[in-house]
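Which chain is which? The protein sequence lines are F and V, in order.
Heads up: the first sequence begins at 4 in our numbering, then just goes up one per residue.
Heads up: the second sequence begins at 458 in our numbering, then just goes up one per residue.
Just so you know, even glycine gets a beta-carbon here, dropped at the ideal spot from N, CA and C.
Notes follow once the structure below has been shown.
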Amino acid sequence: MKKIKYIIVALTLLFTGCESFLDTENYTKKDTSNFPSTQVDAVQMITGIYSTMNNAVNSPDDNPFFIYEMASDDRVGGGSTSNRTAQSADRMMNSKVSWFENIWTVRYSGIFRANNAITTMNNVQSWTTNGKKEQLLGEAHFLRAFFYFDMVQMFGSVPLILATTPENLPKSSADEIYAQITYDLITAIGYFPDTKYPDIELGHATKWSAEALLSRVYLFYTGFYGKTELPVANSDKKIGKSDIITYIEDCINNSGHDLISDQRNLWPYSNPHTAQYYSYAKDKGLAWAGDNNQECLFSLNFSNTTEFSASGHEYSSGYANRIVEYFNMRKAGNSESYPFVPTGYSNGPASYKLWTDWATDPDYTGDYRREGTICDKAVEMPKYVGDPSKEVENTGLLSKKYMGCGAYDESGTLYQSYAYFYGGQNDKQKGLTQSLILIRFADVLLMHSELTATNAGLNKVRNRAGLPSIAYSLDALKKERRFELCFEALRWNDLRRWGDVQQIVTNQTGQPITNRGVADTYTFGSTFDYMTRYNATKGFWKIPDSQITLSEGILEQNEGWDEASSDWTKLPYSTL
Amino acid sequence: MKTGNCWPNPLLINLQDRVYRLNNLKTIKFMKKNSTDGIDHHWLVLKKVFFVMKLTTLILLISTLSIFANQSYSQNTRISLNLNKTSVKEVLREIENSSDFFFIYNNQLIDVERVVSINIEDQDINSILSELFDKTDVEYVVKDKHIILSNQLKDEKEQSVQSNKVTGRVTAESGEPIPGVTVYVKGTSNGTITNTNGDYSISGLSANQSLIFSFIGFKAQEIVVNKAEMNVVLVEDAIGLEEVVAIGYGVQKKKLVTGSTIQVAGESLAKRNAVDALGALQSLAPGVNIVQKSGQPGEGYKINIRGLGTTGSSDPLVVIDGVAGGSIDALNPNDIESIDILKDAASSAIYGARAANGVILVSTKKGKSGAFVVSYDGYLGVQNANTNGIEPLNAKQYMEIVNSTLVSSGAKEYDFKTLIPNHYQSIIDGTWSGTNWLEEAKNNDAPIGSHSINITGGTDMSRVAMGFSYLGQEGTIGKSAIPNFERYTVHLNSDHSLLKKNNRDIITVGENVTFTSTNKSGLNIAGIYSNNVRDLLTASPLLPAYNSAGDFYIYKDMVADNWDFDQSSVNPLAKINVNHSQKNTTTRRVQANGFIEISPIKELKIRSNAGYQFFQSDYRSYIPIYELSSDNSNLTDDITQTQSYSTKWTWENTVNYVTSINKHHIDFLVGQSVEKWGYGCDLSVTNSNSLFPGSFNHAYISNSQGLNTTDTKISGSPNTAGGLASFFGRVNYNYNETYMASIVMRADGSSNFARGHRWGYFPSLSAGWVISNEDFMKPISGVMNFLKLRANWGQNGNADIDNFQYLATIAFNSDSYYYFNDKNDPSIGAYPDILPNEDVTWETSEQLDFGFDARFFASRLALTFDWYNKTTKDWLVVAPQLASYGTGAPYINGGDVVNKGLEIALNWNDNINDFKYSAGVSLARNDNKVTRIANEEGIIHGAENVLAQNTDELYRVEVGFPMGYFWGYETAGVFQNQNQIDQFLGNGGIVLQDSAVPGDLIFVNTNGDKVIDDNDKVMIGNPHPKFTMGFNFNCSYKGFDLSVNAYGAFGHQIAKSYREFSNSPNNNYTTDVYTKYWTGEGSTNRYPAFTHGKNTNFKELSDLYIENGDYVKISNVSFGYDLKSAFKKLPLQKLRIYVSAQNLFTFTKYSGFDPEVGYGNGESWASGIDIGYYPSPKTILGGINIVF
């Protein structure tokens, strides 16, 4: 019976000790009760916000950069008959039920992380670097503004979420969102130090990128909505044109950023490992300036170490530039397609009209940027066949700016990506490491010209391209933006803010294309009136249906994407 | 259970001995002294006493001894005795003490008090007995280790003086006499035992008295005395109602069980020669759905009991020798004594916390007191892929099809002559038909072999069982890197009486240890991007497999040959070879437990059981430098080394008190257990540039060179730790074995939840009524001898979710890196990865079950019936939440699932003279339905790109539908001509195609609105079988035995695609492309015209891809013969040779390889997806089974 007693004692002890017996400690994650507490934590918290930009590249089908490019007049949808989203984005057609779910999710995850950083930054007690806290808060505000600007340009109005507690909110008005963006950017500009390029932390948002972005926000808001001032959240203040000019002049004069000598050196085809066998680049003596160069104010960067996820298809998190993968040609992979070796899906062929406008415009005679920007496949790679059995809307023209490049080593071995020589992988997908430039100095100069109606910035950009100076006119400015910045995801919103959307119809319709090897001309569709479609949507895209359902109707679908939009689902060419 | 030899198997003696003790039966005492509890006659069975020694020494000693102990024990055992003036009784005891012999005799007939002196040196038992009983009437017979003493003369003498006497012979069904059978007059102390010839004689009888004949291993028989000579045939008690079944922390007599449980004897499993026990269970357990994950060796099974109740883990809890959470796969089927499956909530409630998916109790073989028995079972066989006649197109067919579809869709056709200049002509003139990749990859007559040795035996103080086994199996597909699986097991169980008083064990200790080691290598059989079997089906037949030098035909050969159909084509054999031929995973697993059982008084048992599991795994691979195609290359070789281990311990303590007051029997159990897991970690390193290029044997990280960010990958992380603390109690009550009731209560605390939400309480109630015991049933007892009604209700839990859902955890995973200015050097990012849910707690499965068990025609026919309704409440689910919340959704208790079903099992068991046979058929029906998901949408979405790239979500969970149902468009035939289209459109019909042409599918606009879109998608298939079936037939005649097993599933669908339709239009086809598709008006109204590339008909998921998956598999046919029955003098107990065929036939209309598709895109709740499946092998094997 003594033993029973012992057991009873043991049982009692166990029972009382049960709760602590069941407490477990997480050895791989921290939690919000102890994070962030150090400067290292704070830095990681900000890095986690940036990483969502990579996550968004995992699905180019609804990535803003890709969508803006497809929607513009300078590219057509292209791809194969499988690439319905690209062709739909080109026409603002309704592609599928839950389109844009990924960007909605990823941008809000970025916003959530920024909200979390902004609200918990004060929990960090031990700062080891002077000014670090301010720099990090500046980045958090900048990124939140950047994400909301994407959302508001894409969707018109979205729920404005600024806290980390989950709340099912309706859409805020565009004005409220622009007020918040303006507030965040001004706040960021206030936090950021005046450090000049190249002493800044390369790859991070800076005062200069915030000033440039604020100018872009101003131009779009005032242009698109017909306003003159930006509202500011939490304040009665408004930001007018003169304020913006002050900001952008600060950026031009004090940032340390400048144009690099040759615009073509921004693009990887000019890298020496590719260029040594690419006569265009070699003959012109091009030399790649690399990522994070002096002209680049803000970009999305990729990695050499991308892995496929467990499912074996998607990249683990968008650390390779899938947008480039979508633009890459089909059935490339060999010397015949050199230098654009990596195989992709042939989305977004360059518009024929861009190619001919550029050639015929007397202001642009002798512009090296035309051939530096667009590859005429018939000229540069006559032996390349491609995959006529699949390609549709093939114009025979490629954007050179965002196109994967191969390279040879000394022994003549062909590598799928030049990135191999910079520590990347010899892989048609994982080797795509080219940064996506989001703000560059030429844009800053052109925005300055546009804001001030002066020609200094305009001519600085023209002169670099070997073109003579001209007088300022809005028309000249518009052309310069089209040619200097083409394929950089700015054109679509430029057209929208200028009210020039009609150009999309003019510049695309009727151009020669081949559909599955058969010659054809581009149409939006026999019954498809693009401008009717644009006016119905105002160029805002579809809110993913799943979110509307999950919100229990609190979130409302955008105009033009209701049930009637299902009339707009037919592509003009036979998919048979 | 036992054939040929009528002598009771010593294994059974001990089992039954325990049975009787456990159930407090008072029929026979196997004790020397006068029994004090009911029967005071002296049927003595001497038990031997073995040395009590320390556990370890004992095990070592037995291991050594036992190897020699069993080769005809009586001949080989030498004994020395030197006893002066000792009683015969003492002499016998001395012999027992110094050997494994034991004596059976009736001390009324044998004069054991006779004083003798005996002095012998190193003699065998016969010599000793002959000396001991020289010049007496005592006869003796030595049967293995059993010695029966009888006295023919005294029998006869008594017969002559006594009147009212009955004589007769007791035989087994085989006709062999059974010595040692207890025969006594019911209600008296008058009795005897049968002599060596099975004869008995009993006198002093009066009219209407009954004789009871009982012997261990046989059903007791009661016969009313009605003549002077009564011969009795005893029937073996194989599936008797007196048998006990495991119920968790104890056993219960089968006829008293009030829940729904299944017991499968280890022998039935072993007889199937399956690689592992779950495979063998397939036809034997109604309501338990067991589906192979893949036919590749070592891949395991998906198992669920009574339907899927959760999107989380749906595996039942496996309890091995009382320790929860073990692995059945790690056991050799020959080491399993029995498997009990607790299907209903009331039965499994004693394991409350983790029993929501049912419980499988595995009992490994235990030692039995008695002579050591050594058995060997070994087989060798060959296996072949069961490809169900599937053939890819040959080169010529392929070119025809590709070009004709291109032309018909208005695209340019391929000029193959210029694309494959060096091969074109040979294809056209028929000298080369292209590569049949499937055929090239087949590993015909892949060997399989198994050897296992089992040893059991012991004394009444120490009992031991040991097993050693080896299994080796090759895969039937994957010739350039043949999948291989090897398993070694060592199994050791023993238990020891530390303290015995009055022949009752006061303190018993014991342990069960299984050590398993496996080696495994094989192909990737996962999603569409990593499925080697799919690669074999999709690869172009135009690509040669080998070049002229006999090496794989790869990129350099394409370049040399100007082979340019698509230089990114990858030779799938070469791909398999480089990725899978130089790799190996080894695992080692220890599952062990030790217990002490203290029984201070007969009614009370206190037991403490501690379990420990250790699992360790190593993986190593070498991937060489290769360049398979224009864009598939590896420029530096890669070495990967991965190691991990994990451990887990449990400790449980129970107190069991059994008492009887008159006819009230009560069995109390209270207990407590604690469990902790997750002590362990893993470490993985990949690096490049081997110092020993090409050598797998040298593929260790130390032999790699240099570190860099793209080639070097290092990871190391701890296991997820957790714990469970539990308290439980059970009361089993019965009145006169007629009215039964049982109450179970269990409380569990799980570390997966926050304080305050940790504890779950799981009650159950059940009742049973053996209605056949009632007088009013007696009139039909000749037809129905047993009928029990059962009803029960209970709740179980499931806590199987990721830990820390109650905290806003900060993740630092590789998804949150950012590369600011160095593409090689990530900056680590951190972010809150879930919105915390502090309230998350148990999911509860509640089940109601009604059933009955009936036996007809003297138990020849057994019928079991069950109806159940199982509701999983507060289902733990990650329900989609608004994306604008910005981070991951936590698990919430957010859904309900209902599984309703019926189970019927029928077994017939009889013999016609020497022909014994049994047949069983079982049928189970289950309906699965989700009734609640706690979000507005009511949907948990499945993955896209599952059947082929660019396809939409294929399966999902949605309220009102079965879990993981297939979701897509319904089609209503094929447009046969333009007229039909015009009419259709004229009537307001809407097409999904941009513009329909004849040969297009008619997609159904189910909601009748202006457009066909996702809102028109409906359930196009249900992966859950409506019915599952099991069939078993066994028969034996003299030494021959035959058994047939089959199982099947009906009423479910499979989603299948063996190629891409959209982004890889040049994938090869299977030959049904010629016959299946629409070719013109009237050709078919099911499949559309075949087209090249993306086409709405193919790209949109519809019922086009759904097929019925009904099948019946003849899973096993075995035929054996025991040579012992022909050669009785063989110095063996058994020498059975057998042949067996597995997966001999599959009856199905399904067009894929194998309708038993366990693949579900890696999700536990999805299934029935066939994208290129590793088929189960057809195996023919021969084996031998020896019992020494």
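| message | For a contact defined as C-beta to C-beta under 7 Å, what are the partners of glutamate 559 of chain F on chain V? | response | Within the first sequence, numbered from 1, the residue matching residue 559 of chain F stands at position 556. Near glutamate 559 of chain F there are no residues of chain V at all, since even the closest Cβ is about 14 Å away, more than 7 Å.
| query | Does the beta-carbon of phenylalanine 1518 of chain V have 16 or more other beta-carbons within 10 angstroms, so that it is buried, or is it exposed? | reply | Residue mapping note: residue 1518 of chain V aligns to position 1061 of the second sequence, counting from 1. The residue is buried, with at least 16 neighbouring Cβ atoms inside 10 Å.
| request: Answer yes or no: do glycine 1625 of chain V and isoleucine 1511 of chain V have a C-beta to C-beta separation smaller than 7 Å? | output: The residue labelled residue 1625 of chain V in the question sits at position 1168 within the second sequence. The residue labelled residue 1511 of chain V in the question sits at position 1054 within the second sequence. Yes, they are a contact pair.
| Among residues of its own chain, excluding the 5 on either side of serine 98 of chain F, which ones have a beta-carbon nearer than 7 Å to its beta-carbon? | Translated into the one-based positions of the first sequence, residue 98 of chain F becomes position 95. Correct list, in chain order: Arg87, Thr88 and Ser91.
| Members of the stretch 844 to 872 of chain V that neighbour chain F once the beta carbon cut-off is set at 9 Å | Val859, Leu863, Ser865, Ser866, Gly867, Ala868, Lys869, Glu870 and Tyr871
| request: Count the CB pairs spanning the stretch 1327 to 1334 of chain V and the stretch 1359 to 1376 of chain V that are closer than 8 Å, and state whether there are at least three. | output: no
| Beta-carbon neighbours of arginine 1212 of chain V, restricted to chain F and to distances below 9 Å | Locating residue 1212 of chain V in the second sequence gives position 755, counting from the first residue. Those are Glu22, Leu25 and Asp26, listed as they occur along chain F.
| Cβ-based neighbour list, lysine 1467 of chain V, same chain, cut-off 8 Å, excluding 5 preceding and 5 following | Here residue 1467 of chain V corresponds to residue number 1010 of the second sequence, with the count starting at 1. Only Ile1447 meet the Cβ criterion.
| query | Should the stretch 1400 to 1416 of chain V be called in touch with the stretch 523 to 540 of chain F, which here means at least 3 C-beta pairs below 8 Å? | reply | no
| task | Output yes if chain V places a C-beta closer than 7 Å to the C-beta of serine 338 of chain F; else output no. | result | Against the first sequence, residue 338 of chain F aligns to sequence position 335. Output row for serine 338 of chain F: interface = no.
| Simplified DSSP assignment, three categories, for proline 634 of chain V | Indexing the second sequence from 1 puts residue 634 of chain V at position 177. Proline 634 of chain V falls in the strand class under three-state DSSP.
| Which chain F residues sit within Cβ distance under 8 Å of leucine 1264 of chain V? | Translated into the one-based positions of the second sequence, residue 1264 of chain V becomes position 807. Within 8 Å Cβ-Cβ: Asn29, Asp34, Thr35 and Ser36.
| task | Please state whether DSSP places leucine 662 of chain V in a helix, a strand or coil. | result | Residue numbering aside, residue 662 of chain V sits at position 205 when the second sequence is read from its first letter. The answer is coil: DSSP assigns leucine 662 of chain V none of H, G, I, E or B.
| query | Taking Cβ-Cβ distances below 7 Å as the criterion, which residues of the stretch 1074 to 1095 of chain V are in contact with chain F? | reply | Ser1087, Asp1088, Ser1090 and Leu1092
| task | Using a Cβ-Cβ cut-off of less than 9 Å, list which residues of the stretch 192 to 217 of chain F approach chain V; keep chain order. | result | Glu204, Leu205, Gly206 and His207
| request: Can you grab the Cα-Cα spacing for the pair histidine 1509 of chain V / aspartate 1627 of chain V, in whole Å? | output: For the purposes of this step, residue 1509 of chain V is taken as the residue at position 1052 of the second sequence. For the purposes of this step, residue 1627 of chain V is taken as the residue at position 1170 of the second sequence. Approximately 13 Å between the Cα atoms of the pair.
| request: Indicate whether the contact test is met: 3 or more Cβ pairs, each with one atom in the stretch 956 to 975 of chain V and one in the stretch 1050 to 1062 of chain V, closer than 8 Å. | output: yes
| query | CA-CA distance, tyrosine 525 of chain F and glycine 82 of chain F? | reply | For this step, residue 525 of chain F is matched to residue 522 along the first sequence. For this step, residue 82 of chain F is matched to residue 79 along the first sequence. Roughly 14 Å separates the two Cα atoms.
| query | Which residues share a DSSP beta bridge with serine 1065 of chain V? | reply | Position 608 of the second sequence, counted from the first residue, corresponds to residue 1065 of chain V. BP columns for serine 1065 of chain V point to V:Ile1053 and V:Asn1110.
| message | With H, G and I counted as helix, E and B as strand and the rest as coil, what does DSSP make of phenylalanine 560 of chain V? | response | Position 103 of the second sequence, counted from the start, is the residue given in the question as residue 560 of chain V. Phenylalanine 560 of chain V: strand per DSSP, three-state reduction.
| field | Interfacial residues, the stretch 1334 to 1348 of chain V to chain F, with Cβ spacing under 8 Å | value | Pro1337, Gln1338, Leu1339, Ala1340, Ser1341, Tyr1342, Gly1343 and Thr1344
| query | Within this structure, are the beta carbons of isoleucine 877 of chain V and leucine 999 of chain V separated by less than 7 Å? | reply | Looking up residue 877 of chain V in the second sequence gives position 420. Looking up residue 999 of chain V in the second sequence gives position 542. Contact: yes.
| request: Verify whether the separation of the beta carbon atoms of leucine 540 of chain V and isoleucine 575 of chain V is less than 7 Å. | output: Along the second sequence, one-based indexing puts residue 540 of chain V at 83. Along the second sequence, one-based indexing puts residue 575 of chain V at 118. Yes, Cβ-Cβ distance for leucine 540 of chain V and isoleucine 575 of chain V is below 7 Å.
| message | Rounded to the nearest angstrom, what separates leucine 788 of chain V and isoleucine 912 of chain V at their Cα positions? | response | Along the second sequence, one-based indexing puts residue 788 of chain V at 331. Along the second sequence, one-based indexing puts residue 912 of chain V at 455. So the two alpha carbons sit approximately 16 Å from each other.
| For phenylalanine 1423 of chain V and proline 1480 of chain V, believed in contact at Cβ under 8 Å, the rounded distance | Taking the first residue of the second sequence as position 1, residue 1480 of chain V is located at position 1023. Taking the first residue of the second sequence as position 1, residue 1423 of chain V is located at position 966. Confirmed, about 7 Å.
| field | Within chain F, the residues that arginine 1215 of chain V reaches when beta carbons sit closer than 8 Å | value | In the second sequence, residue 1215 of chain V corresponds to position 758, counting from 1. What arginine 1215 of chain V touches in chain F: Glu22 and Leu25.
| Applying the criterion that 16 or more other CB atoms from any shown protein chain within 10 Å of the CB defines a buried residue, is phenylalanine 558 of chain V buried or exposed? | Residue numbering aside, residue 558 of chain V sits at position 101 when the second sequence is read from its first letter. Phenylalanine 558 of chain V comes out buried.
| query | Using the beta-carbon count (16 or more within 10 Å), is isoleucine 762 of chain V buried or exposed? | reply | By one-based count along the second sequence, residue 762 of chain V stands at place 305. That one is buried.
| message | On the DSSP letters alone, give me the boundaries of the alpha helix (DSSP H) that threonine 540 of chain F sits inside. | response | Numbered from 1 along the first sequence, position 537 holds the residue referred to as residue 540 of chain F. It spans 533 to 540 - the alpha helix (DSSP H) in which threonine 540 of chain F sits, taken as one unbroken run.
| query | What does serine 529 of chain F reach in chain V if we use C-beta pairs closer than 9 Å? | reply | Within the first sequence, residue 529 of chain F is the residue found at index 526, counting from 1. Residues of chain V passing the Cβ test: none, with the nearest at roughly 10 Å.
| query | Can you tell which of V:Ile1200, V:Gly655 and V:Asn1554 has the C-alpha that lies nearest to the C-alpha of isoleucine 704 of chain V? | reply | The residue given as residue 704 of chain V occupies position 247 in the second sequence. Ranking the options by Cα distance to isoleucine 704 of chain V, first place goes to V:Ile1200.
| Option nearest arginine 1187 of chain V by Cα separation, candidates V:Ala1311, V:Gly755 and V:Ser805 | As a working mapping, residue 1187 of chain V is identified with position 730 in the second sequence. Of V:Ala1311, V:Gly755 and V:Ser805, the residue nearest in Cα terms is V:Ser805.
| task | Could you check which residue in F:Leu477, F:Gln266 and F:Trp211 has the C-alpha nearest to that of leucine 454 of chain F? | result | The residue given as residue 454 of chain F occupies position 451 in the first sequence. Among F:Leu477, F:Gln266 and F:Trp211, the Cα nearest to that of leucine 454 of chain F belongs to F:Leu477.
| message | With distance defined between alpha-carbon atoms, name the residue in V:Glu897, V:Asp801, V:Ser997 and V:Asn654 nearest to alanine 852 of chain V. | response | Locating residue 852 of chain V in the second sequence gives position 395, where the first residue counts as 1. Among V:Glu897, V:Asp801, V:Ser997 and V:Asn654, the Cα nearest to that of alanine 852 of chain V is on V:Ser997.
| said: In whole angstroms, give me the CA-to-CA distance for glycine 979 of chain V and alanine 898 of chain V. | reply: Residue numbering aside, residue 979 of chain V sits at position 522 when the second sequence is read from its first letter. Residue numbering aside, residue 898 of chain V sits at position 441 when the second sequence is read from its first letter. Glycine 979 of chain V and alanine 898 of chain V: Cα-Cα distance of roughly 13 Å.
| task | Would you list, in sequence order, the uninterrupted beta strand (DSSP E) runs of no fewer than 3 residues that lie entirely inside the stretch 1307 to 1345 of chain V? | result | 1318 to 1330
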